[in-house]
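Per the numbering used here, the very first residue in the sequence shown carries number -12; after that it's consecutive. The structure under discussion appears below in the form of structure tokens.
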Amino acid sequence: MHYGHAQYLPIAPSLFALLAVALGILLILVQIRVLRYAYMQLGVSSGAAFLLLFGSLLGSYVNIPIAALGPESMVTEREVTLAIRQRRDWS
-12 MHYGHAQYLP
-2 IAPSLFALLA
8 VALGILLILV
18 QIRVLRYAYM
28 QLGVSSGAAF
38 LLLFGSLLGS
48 YVNIPIAALG
58 PESMVTEREV
68 TLAIRQRRDW
78 S
């Protein structure tokens, strides 16, 4: 069985790059102690706060399937019409 297609980036690469940049900015903020109050209230050090942020970024890459759906027939050519009735009250 070929598993090459099983590993994929669950979000667009540009969005993943944006998240990586955001992680870098948060790392800088953590290191210059701007976010010190927040993670000290959690009871973690600055290194642990960075590991938590980095772990959450890596966790967004992992997609763990929790259920397997059986084969079902899909309706592909179905037309759905939506009728909206407007009320115009000019008085």
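We treat Cβ as the ideally placed atom computed from N, Cα and C, and that holds for glycine.
| residue 57 (DSSP reduced to helix, strand or coil) | coil
| field | Continuous alpha helix (DSSP H) stretch holding residue 24: start and end | value | 23 to 29
| field | Buried versus exposed call for residue 17 [16 or more other C-beta atoms within 10 Å across all chains shown] | value | buried
| Are residue 47 and residue 13 close, meaning C-beta to C-beta below 9 Å? | no
| request: Quick one: residues in its chain with C-beta nearer than 6 Å to the C-beta of residue 22, no 5 flanking neighbours on either side, listed in chain order? | output: 16
| query | Are there 16 or more other CB atoms within 10 angstroms of the CB of residue -12, so buried, or fewer, so exposed? | reply | Residue placement at residue -12 is flagged as unreliable, the pLDDT there being 48, under the threshold of 50; the coordinate-derived value follows with that caveat. The residue in question, residue -12, is exposed, as its Cβ has fewer than 16 Cβ neighbours within 10 Å.
| query | When the Cα of residue 10 is compared with those of 53, 56 and 45, which residue comes out closest? | reply | 45
| query | What's the C-alpha gap between residue 30 and residue 24? | reply | 10 Å
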